[in-house]
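**Q** First the structure, which I've put down as structure tokens, then a few questions once you've had a look.
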């Protein structure tokens, strides 16, 4: 089974202190922020998994099947998000954005 938290931690090891995502976060805080800022129906179970240290992007798992990276700071309307149905694709996306923007 794919362990997305382990894979993000592996990226932290690979890129060192410069890497801008981490999994040691206050999960309850980000989960409650998301619930306050958006309508999550039909999803009932929301888990914050990781956060970008360089912006307000937070990775969530919804009902153990859909991954979404939400940008929690937004000016109007609903928060923007990028959706994935595969944990490996999430990790590829996070790594590619890091390399494209910081390497």
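Numbering (the numbering used here), first residue to last: 366 to 468. Using N, Cα and C, we set each Cβ at its ideal position, and we do this for glycine too.
Tell me, please, which residues DSSP counts as bridged to residue 435.
**A** 423 and 446
**Q** Quick check on the DSSP output: the alpha helix (DSSP H) that includes residue 378 runs from which residue to which?
**A** 369-380
**Q** By Cβ distance, which residues of its chain are closer than 6 Å to residue 349, with the 5 residues on each side in sequence left out?
**A** Limits of the chain in this structure are 366 at one end and 468 at the other, which puts residue 349 out of reach.
**Q** Could you check if residue 370 is buried or exposed, using at least 16 other CB atoms within 10 Å of its CB as the buried criterion?
**A** exposed
**Q** What is the C-beta distance between residue 427 and residue 458, in whole angstroms, given that I count them as a contact (C-beta under 8 Å)?
**A** Actually they do not touch by this definition, with Cβ atoms about 16 Å apart.
**Q** Under three-state DSSP, which class holds residue 401?
**A** helix
**Q** In the DSSP output, which residue or residues are listed as bridge partners for residue 413?
**A** 425
**Q** Please list the terminal residues of the continuous alpha helix (DSSP H) segment that includes residue 454.
**A** 452-467
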